[in-house]
Structures are given as C-alpha cells and as structure tokens.
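Enquirer:
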Amino acid sequence: GESVGLHLPTLSVQEGDNSIINCAYSNSASDYFIWYKQESGKGPQFIIDIRSNMDKRQGQRVTVLLNKTVKHLSLQIAATQPGDSAVYFCAESGGGADGLTFGKGTHLIIQP
Amino acid sequence: DAGITQSPRHKVTETGTPVTLRCHQTENHRYMYWYRQDPGHGLRLIHYSYGVKDTDKGEVSDGYSVSRSKTEDFLLTLESATSSQTSVYFCAISDLRMNTEAFFGQGTRLTVV
C-alpha cells in the first residue's frame, strides 16, 4: 500500500472473484507480519498473521504469502463478498522496534 | 473489540487547550499503545506502555505525554493541542512485546480548531 485517504491505493473486484492485496515492508529484520481489516468508523481487526520462518499461511478464505527475499507480503481473499469491503493494512513486528509498524493501506471495493 | 474502551469517541477542542484521551482494557494485557491515523500516513505509534508506570516513546511522540497508573488504563494527553494533532487516535493492547497481534479499540476522533 502507498497512502491512506485521498491517495489510498484502491483495488476494485467483482463479487465472487478472488482478491490479492500487496504490501512491501521496510525492515529486513522483521520476523512477524500481520494483516488487519479496517471498516469505516472502526478500529483495525486482525485477519491473519505469519512468522518469518513460513512463506504461506491459510485461514478461512484468506491466505497470506511472504517473500522475504524481496520483502513482499500479500493477502489473498477467496470468493470476495460485499462484507470484505474495507481498508486492509499490513504490519510488521520485530527487528528491534516495539509495537507494530503499519503500511499505509489499500482500499478494497467489491463490485456487485 | 477485545475489551477495549476508548473515551471520548469524538471531541472538538480549541488550539492551546489540554486534552486527555482514555483507554480502558479488561483483558489484563501488559502492553498498551497509542496510535494516530492520518490520510497519507496510515497508523503511527505515539507512545506505548510495557507495564504500570513504564512507558516509552514511539515514532511521533512530540506534543504528547502518557500515563499508566493501573494495568487497565492508559491515558494520552495533549498538553496544548495544535491543529496538526487533529486525527483519529487508536488505543491497542497486546500480551507480548512483539511478534504478536495487537487488539484495537474503536478510536477517538479529535478535531482541534
């Protein structure tokens, strides 16, 4: 993701299609990664996480892929539903910093 | 929302006035965080706490102070609010220092006029 708000990257998909949201992280020493979903007017909600010793992890309708070589993280959402419309943030942890360091988010829009 | 309550949910204040935002948790998590969310910047860490009376600065701590006198409460204070502090503020909690998910509150929308 690049920016939130006016400059927020937007991904528009048809209902029922698969969505792929990408994120480039900054700290090569980070060893834990997480995806959050944020609906309008709410706080971020945990979707799925992955540790650096893995390259793929699956949840219910979601899959996270980690490519440490190019510092890239992706979130795949299968059979996208209207309720998936939200802003999605990736975050990283470890590497000496406390708390989570967030990317700037991607706005996912579901077309009927 | 994992037993996290932020108050107030909305506030409008004037430049130069002090403002305190409160975060209350019922999860007994050790770590608590204050983030701000702005267009173009995403979520940025202001301050965090790793225990009662133990706090540290985050990425954007200037103009803010925090206090944690009890495990369940984490206060964020703007000593003299400025327009650049207009933002949405989120409190988060976690049970580990890093490499774990954080649970977020619903946010406080602060407008400084």
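Chains as they are written, first to last, in this note's numbering: chain A, 1 to 112; chain B, 1001 to 1113.
Cβ coordinates follow ideal geometry from the N, Cα and C atoms, glycine included.
#1: Just list the residues that DSSP pairs Ser1007 (chain B) with in beta bridges.
#2: With distance defined between alpha-carbon atoms, name the residue in B:His1047, B:Thr1055, B:Gln1006 and B:Met1032 nearest to Tyr1064 (chain B).
#3: Would the beta-carbon of Lys71 (chain A) fall within 9 angstroms of that of Tyr25 (chain A)?
#4: Please classify Met54 (chain A) as buried or exposed, where buried requires at least 16 neighbouring CB atoms within 10 angstroms.
#5: Does chain A have any CB closer than 9 angstroms to the CB of Gly981 (chain B)?
#6: Gly1 (chain A): buried (16+ other C-beta within 10 angstroms of its C-beta) or exposed?
#7: Going by Cα to Cα distance, which pick from B:Thr1013, B:Ser1094 and B:Ile1004 is closest to Ser1080 (chain B)?
#8: So Ser1065 (chain B) is in the beta strand (DSSP E); what residue range does that whole segment cover?
#9: Roughly how many angstroms lie between the CA atoms of Asp31 (chain A) and Phe1104 (chain B), to the nearest whole one?
#10: Got a sec: is the Cβ-Cβ distance from Glu1114 (chain B) to anything in chain A below 9 angstroms?
#11: Can the beta-carbon of Asp98 (chain A) be found less than 9 angstroms from the beta-carbon of Leu1110 (chain B)?
#12: Kindly identify the DSSP beta-bridge partner or partners of Thr101 (chain A).
#13: What is the DSSP secondary structure of Gly1042 (chain B), counted as helix, strand or coil?
#14: What residues in its chain sit with their C-beta under 7 angstroms from that of Thr1082 (chain B), if we drop five residues either side in the sequence?
#15: Tell me the residue span of the beta strand (DSSP E) that contains Asp49 (chain A).
#16: I'd like the list of long-range same chain contacts for Glu1059 (chain B), defined as Cβ closer than 8 angstroms, with 5 residues on each side in sequence excluded.
#17: Going by C-alpha distance, which of B:Gln1037, B:Leu1096 and B:Cys1023 is nearest Ser1069 (chain B)?
#18: Please determine, among B:Leu1096, B:Gly1040 and B:Tyr1031, the residue with the shortest C-alpha to C-alpha distance to Ser1087 (chain B).
#19: Tell me whether Gly83 (chain A) sits in a helix, a strand or coil according to DSSP, three-state version.
Expert: According to the data block:
#1: Here residue 1007 (chain B) corresponds to residue number 7 of the second sequence, with the count starting at 1. According to DSSP, which records beta bridges pairwise, Ser1007 (chain B) is partnered with B:Arg1022.
#2: Taking the second sequence and counting its residues from 1, the one referred to as residue 1064 (chain B) is at position 64. Taking only the C-alpha atoms, the option nearest Tyr1064 (chain B) is B:His1047.
#3: As a working note, residue 71 (chain A) is residue 71 in the first sequence. As a working note, residue 25 (chain A) is residue 25 in the first sequence. In this structure, Tyr25 (chain A) lies closer than 9 angstroms to Lys71 (chain A) by Cβ.
#4: Counting from 1 along the first sequence, the entry for residue 54 (chain A) is found at position 54. Exposed.
#5: There is simply no residue 981 (chain B) to check, as chain B begins at 1001 and stops at 1113 in what is shown.
#6: Residue mapping note: residue 1 (chain A) aligns to position 1 of the first sequence, counting from 1. For Gly1 (chain A), the predicted structure reports a pLDDT of 33, less than 50, and the residue's modelled location is therefore unreliable. The matter cannot be settled from this model.
#7: The residue labelled residue 1080 (chain B) in the question sits at position 80 within the second sequence. Nearest of B:Thr1013, B:Ser1094 and B:Ile1004 to Ser1080 (chain B), Cα basis: B:Thr1013.
#8: Numbered from its first residue, the second sequence carries residue 1065 (chain B) at position 65. Per DSSP, Ser1065 (chain B) belongs to the beta strand (DSSP E) from Tyr1064 to Lys1070.
#9: Taking the first residue of the first sequence as 1, we reach residue 31 (chain A) at position 31. Taking the first residue of the second sequence as 1, we reach residue 1104 (chain B) at position 104. Each residue's Cα considered, the two are about 21 angstroms apart.
#10: Residue 1114 (chain B) falls outside the range modelled here, since chain B spans only 1001 to 1113, and no answer is possible.
#11: Taking the first residue of the first sequence as position 1, residue 98 (chain A) is located at position 98. Taking the first residue of the second sequence as position 1, residue 1110 (chain B) is located at position 110. Not in contact: Asp98 (chain A) and Leu1110 (chain B) (Cβ atoms no closer than 9 angstroms).
#12: Here the question's residue 101 (chain A) lines up with position 101 in the first sequence. In the DSSP output, where bridge partners are listed per residue, Thr101 (chain A) has A:Glu92.
#13: Within the second sequence, numbered from 1, the residue matching residue 1042 (chain B) stands at position 42. In this structure, Gly1042 (chain B) counts as strand in the three-state DSSP scheme.
#14: Taking the first residue of the second sequence as position 1, residue 1082 (chain B) is located at position 82. Same-chain partners within the cutoff: Thr1015, Gly1063 and Val1112.
#15: Start at 1 with the first residue of the first sequence, and residue 49 (chain A) comes out as number 49. Note, Asp49 (chain A): beta strand (DSSP E), Gln45 to Arg51.
#16: Residue 1059 (chain B) sits at position 59 when you count from the first residue of the second sequence. Closer than 8 angstroms at the Cβ level, and outside the excluded window around Glu1059 (chain B), lie Arg1044, Leu1045 and Ile1046.
#17: In the second sequence, the residue the question calls residue 1069 (chain B) occupies position 69. When only C-alpha atoms are compared, the closest one is B:Cys1023.
#18: Reading the second sequence from its first residue, position 87 is the one you call residue 1087 (chain B). Cα-wise, what sits closest to Ser1087 (chain B) is B:Gly1040.
#19: Within the first sequence, residue 83 (chain A) is the residue found at index 83, counting from 1. It is helical.
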